């Protein structure tokens, strides 16, 4: 990728010392806009602002759980769909936690809808 004033700028790939691989559009060394990040415990594909997932995106963790939906400053925030084994949640999120109206489904078939 390109470098401006000693920092990644424009489209490119950045490999960090901890093994993280960032790919997409960079501004001042940070992902901004569409991109992807491969971490030791999973990966994220979607929108970034100032190096953090913000906007629409999908994260899949190495242990199999996943989340697809809205993000803000690296946290699940807004509407989203989360699945972890037999547990599933579709609904609102705030500060990386389920919040507000939502639907939960458990492995035994039990469901809950509400706030």
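In our numbering, the protein residues as written are 461 to 575.
No residue lacks a Cβ here, since even glycine has one placed at the ideal position from N, Cα and C.
From a predicted model like this one, the values you see are computed outputs, not experimental measurements.
Span of the beta strand (DSSP E), counted from its first residue to its last, around residue i
i           : result
residue 465 : That residue, residue 465, is in no beta strand (DSSP E); it is neither H nor E in DSSP.
residue 562 : 557 to 565
residue 554 : 547 to 554
residue 515 : 512 to 521
residue 500 : From DSSP, residue 500 is part of no beta strand (DSSP E); its letter is neither H nor E.
residue 525 : Element bounds for residue 525: n/a, residue is neither H nor E.
residue 485 : 481 to 487
Alpha-carbon to alpha-carbon, residue j and residue i
i           : j           : result
residue 511 : residue 466 : 17 Å
residue 578 : residue 464 : Summary: the structure shown does not reach residue 578, with the chain confined to residues 461 through 575, and so no result is reported for it.
residue 521 : residue 546 : 15 Å
residue 576 : residue 515 : Lying outside 461 to 575, the shown extent of the chain, residue 576 is not represented and no answer is given.
residue 532 : residue 470 : 22 Å
residue 482 : residue 518 : 15 Å
Reduced DSSP category for residue i - H, G, I as helix; E, B as strand; rest coil
i           : result
residue 571 : strand
residue 507 : strand
is_contact[residue i, chain B] using C-beta, thresh 8 Å
i           : result
residue 556 : Of the protein chains in the structure, only one exists, and it is not chain B.
Identified DSSP bridge partners for residue i
i           : result
residue 538 : 553
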